[in-house]
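Colleague: Shown below is the structure under consideration.
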Amino acid sequence: MTKVTLRAGSTGEFREVRSPWSGEVIAEVEQADAALVDRVLARQTALFADRPGWLPHHERAAILRRAARLAESRLEDLALQVAREGGKPLTDARAEVARGVNGLELAAEEGTRIAGHEVPMRGTAAAAGRLAFTTREPRGLVAAVSAFNHPFNLVVHQVAPAVAAGCPVAIKPASATPLSCHALVDLLLEAGLPEDWAVVLPMPGRVAESLVTDPRIAFFSFIGSGEVGWGLRRKVADGVRCAMEHGGAAPLIVDEGADLEALVPKIVKGGYYHAGQVCVSVQRVFALRSIVDELVDRVRAEVAGLVTGDPTDPDTQVGPLIEQGEADRVHEWVQEAVSAGARLVEGGQPMDHQCHAPTLLVDAPADTKVRTMEVFGPVMNIAGVDTLDEAIAAANDVPFSFQASICTADVTRAMYAASRIDANAVMINDHTAFRVDWMPFGGRRVSGLGLGGIPHTLHEMTAEKLIVLPAP
3 MTKVTLRAGS TGEFREVRSP WSGEVIAEVE QADAALVDRV LARQTALFAD
53 RPGWLPHHER AAILRRAARL AESRLEDLAL QVAREGGKPL TDARAEVARG
103 VNGLELAAEE GTRIAGHEVP MRGTAAAAGR LAFTTREPRG LVAAVSAFNH
153 PFNLVVHQVA PAVAAGCPVA IKPASATPLS CHALVDLLLE AGLPEDWAVV
203 LPMPGRVAES LVTDPRIAFF SFIGSGEVGW GLRRKVADGV RCAMEHGGAA
253 PLIVDEGADL EALVPKIVKG GYYHAGQVCV SVQRVFALRS IVDELVDRVR
303 AEVAGLVTGD PTDPDTQVGP LIEQGEADRV HEWVQEAVSA GARLVEGGQP
353 MDHQCHAPTL LVDAPADTKV RTMEVFGPVM NIAGVDTLDE AIAAANDVPF
403 SFQASICTAD VTRAMYAASR IDANAVMIND HTAFRVDWMP FGGRRVSGLG
453 LGGIPHTLHE MTAEKLIVLP AP
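Structure, rendered in C-alpha cells:
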C-alpha cells in the first residue's frame with residue numbers, strides 16, 4: 003500500500019483509496035484542510051503578483067514537453083495506476099495516458115502561440131494618429147475540480163493549460179482516483195515546474211467549497227456532476243470565469259441505408275467503453291423501423307461477446323463501476339425500464355466486484371430514467387422510430403445537450419439532422435464519444451458552460467489587454 007503525503011504542507015489526515023475491482027486499499031492519501039488551502043492560495047497569490055518572476059512562455063513550453071517525455075517513458079506504470087484506482091480496462095487506460103502525453107505536448111505548442119491582434123484605428127477622426135493592439139496575459143489563480151472517469155487525462159486538460167497560460171493552479175482530484183493527479187503534478191515538478199505553480203489538494207467537499215469560492219480565485223474549472231458543479235458555480239466570487247463540464251444522455255440516430263457492419267462496433271465501443279462511465283457515452287439509440295431489428299441483432303451479438311472482469315487484465319473490455327452504490331443504481335434503472343415495458347435482450351444483471359453486465363434494452367418508454375437521465379453505466383437502449391424527424395425530436399427531448407451522432411448514407415439527411423439536433427457537437431457515421439484533445443468539447447444547457455479542449459481552455463485562462471499609443 004502506498005502512503006501519499008501532501009507537498010503543500012502536512013495535515014496528518016488521510017483517506018483510503020480502494021480498488022473498485024478488488025476492494026483492497028491501494029493507497030492512503032493525505033487530505034487538505036481549510037487552513038492549508040488558505041496557505042496555498044496565499045503563496046500562489048504572492049507568486050502571481052510577482053510579474054517579473056513569471057515563467058517565460060518558452061520555459062513553460064519546455065517544462066510541459068519534458069513532462070510529456072517523462073510520462074511517455076512511464077506509460078505502462080501510469081496506465082496500470084489508472085486501471086487500479088479507477089477500474090478502467092488496461093487497454094483503455096493505456097490509450098488515456100497516451101492522450102495525456104499528447105495533451106501536454108499540445109499545451110506546450112499552444113502556449114507559445116498566445117497572441118493578441120491589431121485593433122484598427124483608421125475609422126474616425128478621433129482615432130486618427132493612434133496605434134492600438136491587444137496582448138493576452140494569464141487571468142490569475144485557477145481552482146480545478148476533476149472527475150474520476152479519466153483520472154490522468156482530465157487533470158492534463160485542467161493543469162497543462164494553466165501551466166501554459168502562466169496561471170498558478172490548485173487542483174482537487176476526485177476522491178476515488180487521486181493517485182493519477184499526484185503522478186501528473188509530480189512529473190511537472192520533476193520536469194522543472196517551480197513549487198506552488200501546480201498544487202494537488204485532495205479534500206472533502208466542504209473544504210473544496212472554500213477553495214472554489216475564495217475571492218483570490220480568477221478561474222474555476224469543474225468536471226463532474228451537474229448537481230455539484232452548478233451548486234458551486236452559484237457560490238463563486240464575483241468576476242470569476244467558469245468552465246463547467248457535466249454529463250449528458252447522448253443520442254445516436256441510425257437512418258435507413260446506414261452501413262451497419264461498419265457502424266455497430268463503433269456503437270458498442272462508444273456505449274460500453276469504461277463501463278459507460280463517460281459523459282458522452284452512447285446511451286439512447288433511435289433507429290428507423292426498417293432497420294431496427296437488424297441493428298438490435300447485430301448490437302446484441304457484439305455486446306454478448308464483451309469481456310467483463312479485472313481491469314488490469316489486458317483481455318478485459320468492461321470493468322467495474324466506481325462504487326457499489328453506482329452498480330446498484332444502474333441495476334435499479336434497468337429494472338425500472340423493464341418493469342415499464344422495455345425489452346431486455348442482453349445483460350441486465352449485477353455482477354461481483356462492483357460490475358454490471360453490459361446491458362441492451364429495446365424500446366424503453368420515453369419517461370424511464372434510461373431515456374431521460376444520464377445512466378453513466380454499461381446500458382444502452384435502442385428505440386424504433388418511423389421518421390428521421392421523430393428521431394430528432396426524441397433525441398432533443400431531454401435537458402442535456404452535449405454530443406450526438408447521425409449515421410446515414412445520405413449526406414443531405416446527415417446535414418439535415420446535424421443542423422437540427424440540439425448538441426454542441428454532432429458526429430456523422432461515428433459514435434457519440436469520439437474526441438480528440440484539440441477540438442472544442444463541452445455541453446450546452448445543463449450539460450455545461452464554456453468549452454474544453456486544450457487550446458480553448460488555454461484561451462479562456464488568458465485575458466485580453468488593450469494597449470493604445472500615439473502612432474509613430
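Residue numbers for the sequence shown follow our numbering, beginning at 3 and rising by one. Note that CB positions come from ideal geometry on N, CA and C, so glycine has one too.
Assign residue 472 to one of three DSSP states: helix, strand, or coil.
Modeller: Counted from its first residue, the sequence shown places residue 472 at position 470. Note: residue 472 maps to strand in three-state DSSP.
Colleague: If you reduce the DSSP assignment to three classes, tell me which class residue 407 lands in.
Modeller: The count along the sequence shown starts at 1 and reaches residue 407 at position 405. Strand at residue 407.
Colleague: If distances are taken between C-alpha atoms only, which option among 59, 372, 327, 241 comes closest to residue 345?
Modeller: Within the sequence shown, residue 345 is the residue found at index 343, counting from 1. That would be 372, whose Cα lies nearest to the Cα of residue 345.
Colleague: Once you ignore the five residues that flank residue 107 on each side, which residues in its own chain have a CB closer than 8 Å to its CB?
Modeller: Reading the sequence shown from its first residue, position 105 is the one you call residue 107. Excluding residues within five positions, the ones whose Cβ falls inside 8 Å are 66, 67, 70.
Colleague: Taking its Cβ as the centre, do 16 or more other Cβ atoms sit within 10 Å of residue 58, making it buried, or is it exposed?
Modeller: Locating residue 58 in the sequence shown gives position 56, where the first residue counts as 1. Exposed, because fewer than 16 other Cβ atoms sit within 10 Å of the Cβ of residue 58.
Colleague: Among 87, 113, 384, 82, which one has its Cα closest to the Cα of residue 100?
Modeller: In the sequence shown, counting from the first residue as 1, residue 100 sits at position 98. Comparing Cα-Cα distances from residue 100 to each of 87, 113, 384, 82, the minimum goes to 82.
Colleague: Verify whether the separation of the beta carbon atoms of residue 410 and residue 257 is less than 8 Å.
Modeller: Taking the sequence shown and counting its residues from 1, one reaches residue 410 at position 408. Taking the sequence shown and counting its residues from 1, one reaches residue 257 at position 255. Closer than 8 Å, so yes.
Colleague: Let's test the definition: count the other Cβ atoms within 10 Å of the Cβ of residue 25 and tell me whether it reaches 16, buried, or not, exposed.
Modeller: Taking the first residue of the sequence shown as position 1, residue 25 is located at position 23. Per the 10 Å Cβ criterion, exposed.
Colleague: Does the region 135-151 come close enough to the region 164-176 to have 3 or more Cβ pairs within less than 8 Å?
Modeller: At 8 Å Cβ cutoff, the stretches touch.
Colleague: Relative to the ligand NAD, is the shortest distance from any of its heavy atoms to the C-beta of residue 175 smaller than 7 Å?
Modeller: Judged by which ligands are present, the structure shown has none, so any question about the ligand NAD falls away.
Colleague: Taking the alpha carbon of residue 221 as the point to measure from, which residue in 470, 467, 460 has its own alpha carbon closest?
Modeller: What you label residue 221 is simply residue 219 of the sequence shown in a count that begins at 1. Checking every option, the nearest Cα to that of residue 221 belongs to 460.
Colleague: Would you give the residue range spanned by the alpha helix (DSSP H) that residue 50 belongs to?
Modeller: By 1-based counting over the sequence shown, the position of residue 50 is 48. Looking at the DSSP string, the run of the alpha helix (DSSP H) that includes residue 50 is 36-51.
Colleague: Would you check if the region 32-39 and the region 129-138 touch, i.e. whether three or more CB-CB distances between them fall below 8 Å?
Modeller: In short, these stretches do not touch, since the Cβ pair count stays below three.
Colleague: Per DSSP, which one or two residues make a beta bridge with residue 383?
Modeller: To locate residue 383, count along the sequence shown from 1; it is residue 381. Note: residue 383 sits in a beta bridge opposite 286, 363.
Colleague: Leaving out five residues on either side along the sequence, give the residues of the same chain with a beta carbon under 7 Å from the beta carbon of residue 451.
Modeller: Your numbering for residue 451 matches position 449 in the sequence shown. 244, 245, 246.
Colleague: Apart from the five residues on each side of it in sequence, which residues of its chain come closer than 7 Å, Cβ to Cβ, to residue 380?
Modeller: Looking up residue 380 in the sequence shown gives position 378. Cβ within range, chain order: 274, 277, 278, 320, 358, 360, 361.
Colleague: Is it right to say residue 213 is buried, meaning 16 or more other beta carbons lie within 10 angstroms of its own, or is it exposed?
Modeller: Taking the sequence shown and counting its residues from 1, the one referred to as residue 213 is at position 211. Classification of residue 213: buried, given that the 10 Å Cβ count is 16 or more.
Colleague: Please determine, among 78, 408, 378, 169, the residue with the shortest C-alpha to C-alpha distance to residue 259.
Modeller: Position 257 of the sequence shown, counted from the start, is the residue given in the question as residue 259. With distances taken between Cα atoms, residue 259 lies closest to 408.
Colleague: Within 10 angstroms of the Cβ of residue 468, are there 16 or more other Cβ atoms? Answer buried if so, exposed if not.
Modeller: Sequence index remark: in the sequence shown, residue 468 carries index 466 (1-based). With fewer than 16 other Cβ atoms within 10 Å, it is exposed.
Colleague: Would you mind sorting residue 471 into buried or exposed? The rule is 16 or more other CB atoms within 10 Å of its CB.
Modeller: Counting from one through the sequence shown, the residue named residue 471 turns up at place 469. Residue 471 should be labelled exposed.
Colleague: So does the region 412-422 actually touch the region 433-445, counting three or more Cβ pairs closer than 8 Å?
Modeller: Verdict: no, contact absent.
Colleague: So for residue 17, helix, strand or coil by DSSP?
Modeller: In the sequence shown, residue 17 corresponds to position 15, counting from 1. Residue state, collapsed to three classes: strand.
Colleague: Could you give the first and the last residue of the continuous beta strand (DSSP E) run that contains residue 298?
Modeller: Position 296 of the sequence shown holds residue 298. From DSSP, residue 298 is part of no beta strand (DSSP E) but of the alpha helix (DSSP H) over 291-306.
Colleague: Determine the direct distance from the alpha carbon of residue 34 to that of residue 209, and round the result to whole angstroms.
Modeller: The residue labelled residue 209 in the question sits at position 207 within the sequence shown. The residue labelled residue 34 in the question sits at position 32 within the sequence shown. Residue 209 and residue 34: Cα-Cα distance of roughly 8 Å.
Colleague: In terms of residues, what are the limits of the beta strand (DSSP E) holding residue 258?
Modeller: Here residue 258 corresponds to residue number 256 of the sequence shown, with the count starting at 1. From DSSP, residue 258 is part of no beta strand (DSSP E); its letter is neither H nor E.
Colleague: Near residue 157, which residues of its chain fall below 6 Å by C-beta distance, leaving aside the five closest residues on each side in sequence?
Modeller: Position 155 of the sequence shown, counted from the first residue, corresponds to residue 157. For residue 157, where only same-chain residues beyond five positions count, the Cβ hits under 6 Å are 148, 183, 186.
Colleague: Please go through the same chain and pick out, in chain order, the residues whose beta-carbon is closer than 6 Å to the beta-carbon of residue 200, but skip the five residues on each side of it.
Modeller: Residue 200 sits at position 198 when you count from the first residue of the sequence shown. 161, 171, 187, 190.
Colleague: How long is the line joining the alpha carbons of residue 229 and residue 249, rounded to whole angstroms?
Modeller: In the sequence shown, residue 229 corresponds to position 227, counting from 1. In the sequence shown, residue 249 corresponds to position 247, counting from 1. Using only the alpha carbons, I get a separation of about 10 Å.
Colleague: By how many angstroms is the C-alpha of residue 391 removed from the C-alpha of residue 349?
Modeller: Taking the first residue of the sequence shown as 1, we reach residue 349 at position 347. Taking the first residue of the sequence shown as 1, we reach residue 391 at position 389. Answer to the nearest angstrom: the Cα atoms are 31 Å apart.
Colleague: The beta strand (DSSP E) with residue 32 in it runs from where to where?
Modeller: Taking the first residue of the sequence shown as position 1, residue 32 is located at position 30. First-last of the beta strand (DSSP E) with residue 32: 27-32.
Colleague: Can you tell me whether residue 236 is helix, strand or coil according to DSSP?
Modeller: One-based indexing of the sequence shown puts residue 236 at position 234. Residue 236: coil per DSSP, three-state reduction.
Colleague: Thinking C-beta only, is residue 140 closer than 8 Å to residue 167?
Modeller: Start at 1 with the first residue of the sequence shown, and residue 167 comes out as number 165. Start at 1 with the first residue of the sequence shown, and residue 140 comes out as number 138. In contact: residue 167 and residue 140 (Cβ atoms closer than 8 Å).
Colleague: Cβ of residue 27 within 8 Å of Cβ of residue 20?
Modeller: Translated into positions along the sequence shown, residue 27 becomes position 25. Translated into positions along the sequence shown, residue 20 becomes position 18. Closer than 8 Å, so yes.
Colleague: Cβ atoms of residue 324 and residue 22: under 8 Å apart, would you say?
Modeller: Reading the sequence shown from its first residue, position 20 is the one you call residue 22. Reading the sequence shown from its first residue, position 322 is the one you call residue 324. Yes, Cβ-Cβ distance for residue 22 and residue 324 is below 8 Å.
Colleague: I'd like to know whether the C-beta atoms of residue 305 and residue 377 end up nearer to each other than 8 Å.
Modeller: Start at 1 with the first residue of the sequence shown, and residue 305 comes out as number 303. Start at 1 with the first residue of the sequence shown, and residue 377 comes out as number 375. Against a cut-off of 8 Å, the Cβ pair of residue 377 and residue 305 comes out as no contact.
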